[in-house]
Amino acid sequence: MVKQATKGQKEIYEENRSTIITFAATCLAVAVVHLAACFVFLNCTSNTYSFFGISVIIDLVTLAIMKSMAGAKFDERGRVVDAGMDLNDPDAFGEYCKDIIILTSIAQVAALYTTYAYLILLIIPAAAAYKIFFNILLPWITAPAPENGEELDDKKLRKRERREKIVYRR
């Protein structure tokens, strides 16, 4: 894998800012389209509005998390000292936040066809449970047990090292 060049703090700040603006605009556009379609063309039920409200809350919480992660610090001259976390890093939590926003936007648009489309949002806790189990719990459960005498004194440690150095010859 090719090592990626490091980015400066100002570049990270600008990319984070544009990422947040892009995803906020996406959330707003999808919400406006959904509400306009419900008010003008479709006969939406209270369940539709309830699920839509839940998905908007998910969007707002996710955007707030992204904004707090990308919180930049400036010096007295207005230059960026710390850009916060890089939201565009593929291994960072910002990617999960962007995935959640994309997923809720897809669910809102698909919900114009059927209310069952909001079941797509169940992927979020399922993916979180998967990540927690396979990245945290499973390695902890399957880790080798520590040896009984892990805290060996110096004398026993030297004795063990001497035994390991012995090479048997025929």
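Quick note: the sequence shown uses the numbering used here, first residue 283, plus one each step.
Even glycine gets a Cβ: it sits at the ideal position worked out from N, Cα and C.
- Annotation for D364: the continuous beta strand (DSSP E) segment containing it runs V362 to D364.
- Put simply, the stretch 397-405 touches the stretch 322-341. At least three CB pairs are less than 8 angstroms apart.
- For F333, the secondary structure class from DSSP, reduced to helix, strand or coil, is helix.
- According to the DSSP assignment, C379 belongs to the alpha helix (DSSP H) that extends over F375 to A392.
- Between I302 and K349, the C-beta gap is smaller than 7 angstroms, which places the two residues in contact.
- In this structure, the beta-carbon distance from A352 to L369 falls below 7 angstroms.
- Under the three-state reduction of DSSP, F323 is assigned to coil, being neither helix nor strand.
- In the three-state reduction of the DSSP assignment, K289 falls in the coil class, being assigned neither a helical nor a strand state.
- Burial is judged here by how many other beta carbons sit within 10 angstroms of a residue's own beta carbon; N298 has at least 16 and is buried.
- Using a Cβ distance threshold of 7 angstroms, A389 and S337 count as a contacting pair.
- Counting only the Cα atoms, S300 lies some 15 angstroms from C379.
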